[in-house]
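Shown next, in C-alpha cells, is the structure this report addresses.
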Amino acid sequence: MAKPAMGTKKSRKSPSFSAVVRLAIPNKGRIAAPILDLVEKSGLHLAESGTERRLITRTLDPHVEILFARSVDIPEYVANGAADLGITGHDMVIERESDVEELLDLQSGRGKLVLAVHEDSGITSAKQLKGKKVATEFPVIAGRYFAKKKVDVEIVQVGGACEATPHLGIADAIIDLSSSGTTLKTNRLRVIDEVLTTSTHLIANHDSLKRKREKIDEIHLALESVIRARGQCYLMMNARRSCLDAVKKVLPGLSGPTVMDVASSEGLVAVHAVVSEERVYTLINQLRRAGARDILVMAIQRMIR
Numbered sequence: 596m597a598k599p600a601m602g603t604k605k606s607r608k609s610p611s612f613s614a615v616v617r618l619a620i621p622n623k624g625r626i627a628a629p630i631l632d633l634v635e636k637s638g639l640h641l642a643e644s645g646t647e648r649r650l651i652t653r654t655l656d657p658h659v660e661i662l663f664a665r666s667v668d669i670p671e672y673v674a675n676g677a678a679d680l681g682i683t684g685h686d687m688v689i690e691r692e693s694d695v696e697e698l699l700d701l702q703s704g705r706g707k708l709v710l711a712v713h714e715d716s717g718i719t720s721a722k723q724l725k726g727k728k729v730a731t732e733f734p735v736i737a738g739r740y741f742a743k744k745k746v747d748v749e750i751v752q753v754g755g756a757c758e759a760t761p762h763l764g765i766a767d768a769i770i771d772l773s774s775s776g777t778t779l780k781t782n783r784l785r786v787i788d789e790v791l792t793t794s795t796h797l798i799a800n801h802d803s804l805k806r807k808r809e810k811i812d813e814i815h816l817a818l819e820s821v822i823r824a825r826g827q828c829y830l831m832m833n834a835r836r837s838c839l840d841a842v843k844k845v846l847p848g849l850s851g852p853t854v855m856d857v858a859s860s861e862g863l864v865a866v867h868a869v870v871s872e873e874r875v876y877t878l879i880n881q882l883r884r885a886g887a888r889d890i891l892v893m894a895i896q897r898m899i900r
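The opening position of the sequence shown corresponds to residue 596 in the numbering used here, with each subsequent residue numbered one higher.
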C-alpha cells in the first residue's frame, strides 16, 4: 500500500451534522444588529462576514453554525428542528404558537403590544370595540386577547404600516408593537390597553436539548455571561491599609471588594471591585477622598457566576 507523500497533511475530519448546533438569528429588523453583536461578544465569531456571509454561516467553533432567517420564521425553524437554537422576540414565539423552550431572556428588544385607537376616538376600553375592526400583524395574539376579554371583533391582518389603518378607515383600532410610543404619538394614536410585554429570548428545540445538551449549555452560558456584564465596570485601585475601611465603605461591589497586599514599602493594598457603570462618575471622587489612588476603570466583556 502506497504511503502518503512526505509533507502531506492529514485532512481534518469535519463534525457530523448531529454534532453541530445550529443557531438561528434574525437577518434584518430592529433586533438583528444587537443580536449579531451579542453573538460575536459571546465568542461565537463568524467565520464569514459582510458580502461573504451566507444563509448558513460557520463560526470559529466547528460545532456551531449560524442560520440567518426572518424573526417571524425562527420559532418554527426551531420547533421543527431546522435549527437547534434561535434568538427572536417572545411575541414571535407566542404568535407562531411554536412548541419550543424559552431558555433565556436576553434583556433587549423590549417592547409592548398595545391596543390603540385614534386620539379623537371616543373609545376608551376594549369592550367598546365589540363588532368593530382591529388591524394587526399579530392575529393570533389579538384573537387570544379579545377571546379572554369576551369581546367579538373583526381582526384585519396587515403586513405593515398598521398605525395608518385608523386614518384610512380600514380599522377602528390596532394592536401593534411599541417600544417608545413615539410612532403612536406621531400618528395621533392613543393607547387604551397593554396586550403583551415582550423582549428577545433564546429558544431551543426540545429534542436538541436532550441530544446536544452539553453544547447548548455552553452557548447558553456564553450569551448569559455577556448579558451579566452589561452596565458593569471593573475598578482597580491602591490604598494605604489605614484607609482601607474608608474605601470599603464607599465601594459597593457585587460581593464586596477583593483586597490584596502590594509589594510596597508604603503599606499599600490593592482593592478590586465590580460596580455599576452608572455609579463610576460619582464613585471616583468619593474613593479619592477616602484615600484611594492609582484608580483604573476597565470594561467587562463577560461575567460568569
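Where a beta carbon is used, it is the ideal one built from N, C-alpha and C, also for glycine.
Whose CA, out of T731, D767, L839, T877, lies closest to the CA of E690? T731
What three-state label does DSSP hand N675 in the structure shown? coil
Since I769 contacts V729 with CB under 8 Å, what's their CB separation in whole angstroms? 7 Å
Looking only at DSSP bridge pairs, what is F663 linked to? I620
Which partner residues of N782 appear in the DSSP bridge assignment? In DSSP, N782 forms no bridge with anything.
Exposed or buried, what is L763 when buried is set at 16 or more other beta-carbons lying within 10 Å of its beta-carbon? exposed
Whose C-alpha, out of A887, I798, F733, A737, is nearest the C-alpha of A677? I798
With a floor of 4 residues, list each alpha helix (DSSP H) that falls wholly inside the stretch 853-896, ordered by position along the chain. 875-885
Do E872 and C838 come within 9 Å of each other at the CB atom, strictly closer than that value? no
Proximity to D715 [Cα-Cα], best of D747, Y672, K780: K780
Does the beta-carbon of M855 have 16 or more other beta-carbons within 10 angstroms, so that it is buried, or is it exposed? exposed
Quick one: which unbroken alpha helix (DSSP H) runs of 4-plus residues sit fully inside the stretch 674-741? Chain order, please. 685-691
Look at the Cβ atom of L818, then the Cβ atom of D686, and state whether they are nearer than 9 Å. no
Top-ranked residue by Cα proximity to A887, from R874, V845, A858: V845
Kindly indicate which residue of Q881, A885, L816 has the alpha-carbon position closest to the one of R836. A885
State the start and end residues of the unbroken alpha helix (DSSP H) segment that holds R806. 801-806
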